[in-house]
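Here's the structure we're looking at; comments come further down.
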Amino acid sequence: MPLETHSRVHATQAWLLSTRHVQVPFAWLQACVEWLQEEAGGANRLSQQQINQQVLDQWLLTDLRDLDHPVLPEGLAQAQKTELRGFFCVQVDSLLDISQPAYGQLQKWRGTDCSNDEVSAVTQRPWEAKPNRMLLLQVTDGVQSLEAMEYQSIPALSSA
């Protein structure tokens, strides 16, 4: 690998970690940068900023299981209950709003409307305010898969 490409790979690695908290295998990052440069028609055709953004775009399209690069603490999947502090980039495989009845969510997802369904506890005026949503997530870092719970709203996640 040419020295210039090597320095660009290291610069991209530092940018991903410092701005997005993204950790990737060096070999994947190197192959990605080389591919981007080849697609652009040469090593000097893309600025460092363009390389950074395009590598991030490629990472967002990648199944983390293909990278096989753990970022979560080891043995976390076996823990009954724990709270993580810090930044961890994981892939959300599925999510379910467990604050709402499953049947109502299924009907909404199917787009079916039945007038008999309107006579339920969901449509009755509650005597107290409804709780905020609570999402149950299946997440992976590519090596470990586990269930996570959103107990404070994460605006970037949508159950719709």
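Reading the sequence shown from the start, the letters are residues 1 to 160 in my numbering.
Backbone N, C-alpha and C define an ideal beta-carbon position, used for all residues, glycine too.
Just so you know, these numbers come straight off a predicted model, no measurement behind them.
Query, Result
"N-terminal and C-terminal residue of the alpha helix (DSSP H) that E38 is part of", "26-40"
"Test item: CB-CB of L95 and L137 under 7 angstroms", "yes"
"Bridge-paired residues (DSSP) for A148", "L137"
"Alpha-carbon to alpha-carbon, L46 and A172", "In this structure the chain extends from 1 to 160, so residue 172 is not present and cannot be described."
"C-alpha gap between G86 and E74, whole angstroms", "15 angstroms"
"Residue from Q37, Q107, Q58, I98 with nearest C-alpha to P2", "Q37"
"The region 53-71 contacting the region 137-155, beta-carbon criterion three pairs below 8 angstroms", "yes"
"8 angstroms contact criterion, which E150 and L135 should meet: CB distance rounded", "4 angstroms"
"Nearest candidate by alpha-carbon position, reference P70, set A156, R8, V24", "V24"
"Option nearest V92 by Cα separation, candidates A156, Q152, L84", "A156"
"Sequence-distant residues of its chain with Cβ nearer than 6 angstroms to L60 (five each side left out)", "none"
"For S7, the first and last residue of its enclosing alpha helix (DSSP H)", "3-15"
"Between the CA atoms of Q78 and W15 - distance to the nearest angstrom", "32 angstroms"
"Among Q54, N132, F26, the one whose alpha carbon lies nearest that of I98", "N132"
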